[in-house]
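Taking it in order: structure first as structure tokens, then the write-up.
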Ligand code: PHB
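Residue numbers (mature numbering (1 follows the signal peptide of the UniProt record, and there is no 0)): -26 to -1, 1 to 365.
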């Protein structure tokens, strides 16, 4: 009897010890829940983000302020209900300190209320409708907004002989932002938008819209499609022969996304777009970034979503360093606000007021360089704040 009791006591003590060591271990780990589309039509966004997060950790280590960083990658397959369920599980079961990723606007919107409830910082790396950051005080955005990038081309076009434009955008948040902000700035600078067309996001068929553009004979067509959809658009644009008719192609850089640009062929040449990032940026941080990314991911070129992810990791690491490893959501958020650093995209700052990036917007022309297509920057607007939040 005595023996049995002693054995039981020993077993209980062992359990307590094991439990406390598990707890101590759990305390030393900071989990980041990374939710992105890894399959479906926007899988390229997930692949780019995943690759950039892995590169950041390979370069900066997986320990910050004495804590081990663990990224838990989840594929939401571009379904908002799935994003929401995954965010819930990551918060409740995995106790993540930070949520990150969010490839498209509807996916970011689905998770926003959970970040607020759980007081967990949510780093939006890709989705770009301006109002996203207003859906939760726990959201910070390491990517961009559409009004921010549209500003560049909307100012450039009227100074360069483009007076009459038709806009064609994907019919959801970022497209509507692009359409409205382009018109506002372009018309204030003397241009005229003669027609605003919207194409469905899912399986878009551009040809009836392109026919309409051909009939309207504008100086240029302004296009916004989300990253990943540009190749289909370019193919149909070439088939319609609009550039032969003298209609120029302008837009935000999403359509000539570096991930798929090289496969587009000559039709993309001469497209003028504005964007916060192009792989052709010539600065020391970007030269190193592109070389390291391509070495780690043979055959792949980093696009703007990858840089959103790389800089999102920087924000998380910098915040953890500032809090000395404290994962309290409010403390992390406070530490992220106002961070400034030199990104591959140039100098950036996370605006403490709006939780948006303040960054350069580059005007680029798509050209062939050493046999490959690149969006080559030739002008820039410096330190652009999200115009949608300037009252
Ligand atoms: C978005 O859904 O917010 C989005 C996705 C891809 C882009 C831009 C915006 O290239």
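Glycine is no exception: its CB is placed at the ideal position from the N, C-alpha and C atoms.
Closest in alpha carbon position to residue 256, among 354, 285, 284, is 354.
A contact is defined here as three or more CB-CB pairs under 8 Å, and the region 129 to 147 fails this definition with respect to the region 343 to 352. DSSP, read as helix, strand or coil, puts residue 274 in coil. Looking at the DSSP output, residue 74 sits in a beta bridge with 8, 97. At the C-beta level, residue 61 and residue 88 come within 8 Å of one another.
Where residue 206 is concerned, the enclosing alpha helix (DSSP H) starts and stops at 204 to 214.
Per DSSP, residue 340 is one residue of the beta strand (DSSP E) stretching across 331 to 343. Between residue 77 and residue 8, the beta carbon gap of about 11 Å keeps them out of contact (Cβ cut-off 8 Å). Under the DSSP definition of a beta bridge, residue 144 partners with 173. A contact between stretches requires three or more CB pairs, one per stretch, nearer than 8 Å, and the region 261 to 269 fails this requirement with the region 286 to 302. Only buried fits residue 192, as 16 or more other CB atoms lie within 10 angstroms of its CB. The C-beta separation of residue 335 from residue 250 comes to about 6 Å, placing the pair in contact by the 8 Å criterion.
Cβ atoms of residue 24 and residue 38 stay farther apart than 8 Å, at about 20 Å.
When the five nearest sequence neighbours on each side are left out, the beta carbons in the same chain lying within less than 6 Å of the beta carbon of residue 118 are those of 102, 250, in order along the chain.
Inter-residue distance for residue 194 and residue 279 is about 27 Å (C-alpha atoms, whole angstroms).
Bounds of any beta strand (DSSP E) do not take in residue 52, whose DSSP letter is neither H nor E.
Taken in chain order, the complete alpha helix (DSSP H) segments of 4 or more residues contained in the region 218 to 277 are 258 to 270. Residue 91 places its beta carbon 8 Å or farther from that of residue 360. Taking a 10 Å sphere around the C-beta of residue 177, we find fewer than 16 other C-beta atoms and assign the residue as exposed. Residue 364 counts as exposed, since fewer than 16 other beta carbons sit within 10 angstroms of its beta carbon. Taking C-beta atoms as the reference points, residue 156 and residue 180 fail to come closer than 8 Å.
Taking 8 Å as the cut-off, the Cβ atoms of residue 242 and residue 340 count as close. At least 8 Å separates the beta-carbon of residue 159 from that of residue 150. If the five residues before and after residue 352 are omitted, its C-beta is found closer than 8 Å to the C-beta atoms of 337, 338, 339, all from its own chain and listed in chain order. Distance from the CA of residue 342 to the CA of residue 200, rounded to the nearest whole angstrom, comes to 23 Å. Setting aside the 5 residues that flank it on each side, residue 80 is surrounded in the same chain by 54, each with a C-beta closer than 6 Å to its C-beta; the list follows chain order. In the DSSP assignment, residue 323 is bridged to 314, 332. Residues 194 of the same chain have their beta carbon placed closer than 6 Å to that of residue 222, with the five preceding and five following residues left out of the count. Here residue 316 has 259 as same chain residues with Cβ atoms under 7 Å from its own Cβ, once five neighbours each way along the sequence are excluded. Setting aside the 5 residues that flank it on each side, residue 187 is surrounded in the same chain by 140, 195, each with a C-beta closer than 6 Å to its C-beta; the list follows chain order.
With a beta-carbon spacing of about 4 Å, residue 283 and residue 26 fall inside the 8 Å limit used to define contacts. Separation of the CB atoms of residue 65 and residue 83 is rounded to 17 Å, and the pair is thereby denied contact status at 8 Å.
Between the ligand PHB and residue 78, a heavy atom-to-CB distance of less than 7 Å is present. Nearest to residue 332 by alpha-carbon distance, out of 116, 277, 210, is 116. Residue 323 holds the alpha-carbon nearest to the alpha-carbon of residue 312 among 306, 319, 305, 323. Nearest in C-alpha terms to residue 285, of all of 273, 269, 320, is 320.
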